[in-house]
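Per our numbering, the sequence shown starts with residue 106, numbered consecutively.
Note that the Cβ used here is the ideal one computed from N, Cα and C, for glycine as well.
If you're wondering where the values come from, they're calculated on a predicted model, not measured in any experiment.
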Amino acid sequence: MEKDSKEEHVDLLKVIRIDVLTATPNMQNSEIEQLDFFSEIPLLNFELEDGSNFLMSSIPRHIAIEIAKILSNIKEVDSRLTIADLVSEICIINKVVIDAIVPYSNAYQASVEIKLEGVEGSLHFQMIPSHSVLLGLLNNAPIYIAKSLLSTQEEE
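Structure below.
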């Protein structure tokens with residue numbers, strides 16, 4: 106969904122490194138064996154310019170795999186485009202900012218600034234953060250985390 110392009114001032118920290126991690130859910134061994142493939146939960150750890158870290162959990166497996174491939178410089182030989190590849194072909198991602206928590210949930214939200222070729226100005230959209238990070242990495246766009254989200258993680 107596109108949002109109003111009026112910029113609000115939000116204190117941001119630039120992401121300088123991203124790591125794809127996994128965690129095992131707190132379950133009995135028999136439950137983990139039954140889940141097998143789904144027993145590992147993908148996480149993204151963002152190292153920020155001030156030395157702090159920001160951790161995001163419940164990353165969709167396919168998105169985590171794509172992010173890990175980009176971070177590891179693994180090139181696909183598949184001629185078919187993913188939706189992230191397609192978006193990257195038709196527009197430029199200027200900036201990704203993980204800046205909010207969805208009301209009444211513990212899910213984060215990201216704002217993405219997009220520039221369409223031949224169109225004046227930029228468009229701003231709210232996205233699922235892991236998807237926006239994938240787009241940002243595909244476009245070498247800067248990724249930021251709102252400082253206010255760091256304090257909410259510390260409270261948990």
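**Request:** State the Cα-Cα distance for the pair Asp268 and Gln258, rounded to the nearest angstrom.
**Result:** Examination of residue 268 is not possible in this model, given that the chain is present from 106 through 261 alone.
**Message:** If you reduce the DSSP assignment to three classes, tell me which class Val120 lands in.
**Reply:** In this structure, Val120 counts as strand in the three-state DSSP scheme.
**Asked** Do His229 and Ser237 have their C-beta atoms closer together than 7 Å?
**Response** Cβ distance not < 7 Å, so His229 and Ser237 don't count as in contact.
**Asked** From Ala205, Asp124, Ile164, His114, pick the residue whose C-alpha is nearest to that of Glu145; which is it?
**Response** Answer by Cα proximity: Ile164.
**Request:** Could you pull the start and end residues of the alpha helix (DSSP H) that Ser177 belongs to?
**Result:** Counting along the chain, Ser177 falls outside any alpha helix (DSSP H), and DSSP gives it neither H nor E.
**Prompt:** According to the Cβ coordinates, are Ala251 and Asp204 closer than 7 Å?
**Reply:** Contact flag set, yes.
**Request:** List the endpoints of the continuous beta strand (DSSP E) containing Ile250.
**Result:** Membership of Ile250 in the beta strand (DSSP E) is indicated by the continuous run 248-251.
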